[in-house]
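Chemist: One structure follows; several queries about it will come next.
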Amino acid sequence: MSAGGGKKAIIAALTANAGIAAAKFVGAAITGSGSMLAEAVHSVADTGNQGLLLLGQQRAAKEADELHPFGYARNRYFYSFIVALVLFTLGSGYAIYEGIHKIQHPEELSSPIVAIVILVIAIALETYSFTTAVRESAPLKGGASWWRFIRNSRSPELPVVLLEDTGALIGLVFAFAGVGLTMLTHDPIWDGVGTLAIGGLLGVIAIVLIVEMQSLLIGEGATPEENRRIRANLVDETRIDRVIHLKTQYLGPEELLVAAKVGVVPGLDVAAIADAIDDAESRVRAAVPAARVIYLEPDLYRTELAKG
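Here it is as structure tokens:
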């Protein structure tokens, strides 16, 4: 994923969430709906989260220096991890607290039709944000499922926006159901149930994001398909006949480190080995564009070496 592609989805989500948050706060103030207030806090958290993602992209663009010779690209992972923590603490935590409070101390809603109108508008805006993220993700997803895309993506922003928007849309349905059932049954406890459901949903999404972003932050290797292409292109059969050891790690969403010990054909002189290494690096970069940092060590394949 290019930073520009991710930025378009982030800005769409930020714009939608800022407008939705304002509308929900107005609706919560008029109606006294706990689920509406929980959704308003959720939208504020999401708006702040989009700002954190943009900040992460801006910090990641800093040039490499002596202290960080591989650059600052992992800032995108760090700020995405912070986003997951914010979603868990502010979004889920507050909604669960508010839901329990509303169930224990139900309060009648005033002008619930106002909440319904605002929720319908919010669903329309969230759908715009969600479809933008889906459209930006589709070329990268390929034939994989959306869940596999979220699990395997080495770029954090689109998975974060996709999960946030999915949670927002489902949360709006919960809020709509809570307010609607309160209107139909004249029992305000349903508003509290809707609020509690929103908190549980956000908690599940936040935990998924925390697990995924933590894995990216500590360093993930190439995907199985990338690993296969790297191995295939390191070997040319005439000068390099095997890959003895291979280790990879994403230094950032678009920068993969490749370190390998390769077996060269016995009898090659130094110049021929150097040419073979250069050619192997070129083949790997052509097959896996993210492989920008490549370190290859030529060696003779020996059984003892392979076992070690």
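Here the sequence shown is numbered in UniProt numbering, starting from 1 and rising by one per residue. For every residue, glycine included, the Cβ atom is placed at its ideal position computed from N, Cα and C. Note that the coordinates shown come from a computational prediction; the quantities given were computed from them, not determined experimentally.
Secondary structure at Pro298, three-state DSSP: helix, strand or coil?
Modeler: As a first step, residue 298 must be located in the sequence shown, where it is residue number 298. Assigned with DSSP and collapsed to three states, Pro298 falls in strand.
Chemist: Considering only heavy atoms of the ligand ZN, does any lie closer than 7 angstroms to the CB of Thr166?
Modeler: Only the bare structure without any ligand can be found here, which leaves the ligand ZN out of the picture.
Chemist: Which first and last residues belong to the beta strand (DSSP E) in which Gly200 is found?
Modeler: Locating residue 200 in the sequence shown gives position 200, counting from the first residue. Not the beta strand (DSSP E): Gly200 falls in the alpha helix (DSSP H), residues Ile189 to Ile218.
Chemist: Return the bridge partner residues of Val262 from the DSSP annotation.
Modeler: Within the sequence shown, the letter at position 262 stands for residue 262. In DSSP, Val262 forms a bridge with Val243 and Pro298.
Chemist: Would you report the Cα separation of Gly91 and Arg285, rounded to the nearest angstrom?
Modeler: Walking along the sequence shown from the start, residue 91 turns up at place 91. Walking along the sequence shown from the start, residue 285 turns up at place 285. Rounded to the nearest angstrom, the two C-alpha atoms are 42 angstroms apart.
Chemist: Measure the alpha-carbon distance for Ile20 versus Gln50 and round it to whole angstroms.
Modeler: One-based indexing of the sequence shown puts residue 20 at position 20. One-based indexing of the sequence shown puts residue 50 at position 50. Whole-angstrom Cα-Cα distance: 14 angstroms.
Chemist: Going by CA-CA distance only, name the one from Gln249, Ile113 and Asp46 that's closest to Met183.
Modeler: Here residue 183 corresponds to residue number 183 of the sequence shown, with the count starting at 1. If we check each option's Cα against that of Met183, Ile113 comes out closest.
Chemist: Pick helix, strand or coil for Thr185, following the three-state DSSP scheme.
Modeler: In the sequence shown, the residue the question calls residue 185 occupies position 185. In the three-state reduction of the DSSP assignment, Thr185 falls in the helix class.
Chemist: Return the first residue and the last residue of the alpha helix (DSSP H) that His101 is part of.
Modeler: Position 101 of the sequence shown holds residue 101. It spans Gly93 to Gln104 - the alpha helix (DSSP H) in which His101 sits, taken as one unbroken run.
Chemist: Taking the straight line between their C-alpha atoms, what separation do you get for Gly56 and Gln214?
Modeler: On the sequence shown, position 56 is the one that residue 56 refers to. On the sequence shown, position 214 is the one that residue 214 refers to. Using only the alpha carbons, I get a separation of about 15 angstroms.
Chemist: What is the DSSP secondary structure of Glu254, counted as helix, strand or coil?
Modeler: Counted from its first residue, the sequence shown places residue 254 at position 254. In the structure shown, Glu254 sits in coil (DSSP, three-state: anything other than H, G, I, E or B).
Chemist: Quick one: Cα of Thr131 to Cα of Ala274, how far?
Modeler: Mapped onto the sequence shown, residue 131 falls at position 131. Mapped onto the sequence shown, residue 274 falls at position 274. So the alpha carbons of these two residues sit roughly 49 angstroms apart.
Chemist: When you compare each of Thr89, Leu256, Ile205 and Val262 to Asp165 by their alpha carbons, which one comes out closest?
Modeler: On the sequence shown, position 165 is the one that residue 165 refers to. Nearest C-alpha to Asp165: Ile205.
Chemist: Which stretch, first to last residue, makes up the alpha helix (DSSP H) that contains Leu67?
Modeler: Taking the sequence shown and counting its residues from 1, one reaches residue 67 at position 67. No alpha helix (DSSP H) contains Leu67, which DSSP labels as neither H nor E.
Chemist: Compute the Euclidean distance between the alpha carbons of residue 381 and Phe81, then round it to the nearest angstrom.
Modeler: The shown model of the chain, from 1 to 308, leaves out residue 381, and the question about it has no answer.
Chemist: Taking Cβ positions, are Ser129 and Ala12 nearer each other than 8 angstroms?
Modeler: The residue given as residue 129 occupies position 129 in the sequence shown. The residue given as residue 12 occupies position 12 in the sequence shown. Yes, the Cβ-Cβ distance between Ser129 and Ala12 is below 8 angstroms.
Chemist: What's the C-alpha gap between Arg292 and Lys247?
Modeler: Residue 292 sits at position 292 when you count from the first residue of the sequence shown. Residue 247 sits at position 247 when you count from the first residue of the sequence shown. Those two C-alpha atoms are separated by around 14 angstroms.
Chemist: How long is the line joining the alpha carbons of Ala232 and Val258, rounded to whole angstroms?
Modeler: In the sequence shown, counting from the first residue as 1, residue 232 sits at position 232. In the sequence shown, counting from the first residue as 1, residue 258 sits at position 258. One C-alpha to the other measures close to 14 angstroms.
Chemist: Buried or exposed: which applies to Asp191, given that a residue is buried once 16 or more other Cβ atoms fall within 10 Å of its Cβ?
Modeler: Within the sequence shown, the letter at position 191 stands for residue 191. So Asp191 counts as buried.
Chemist: Using alpha carbons as the reference points, say which of Leu85, Glu108 and Gln104 lies closest to His42.
Modeler: Taking the first residue of the sequence shown as position 1, residue 42 is located at position 42. Residue Leu85 is the option with its Cα nearest to His42.
Chemist: Does DSSP put Val293 in a helix, in a strand, or in coil?
Modeler: Against the sequence shown, residue 293 aligns to sequence position 293. Val293 falls in the strand class under three-state DSSP.
Chemist: Who are Gln58's beta bridge partners in DSSP?
Modeler: On the sequence shown, residue 58 is found 58 positions in, with the first residue counted as 1. Beta-bridge pairing links Gln58 to no other residue.
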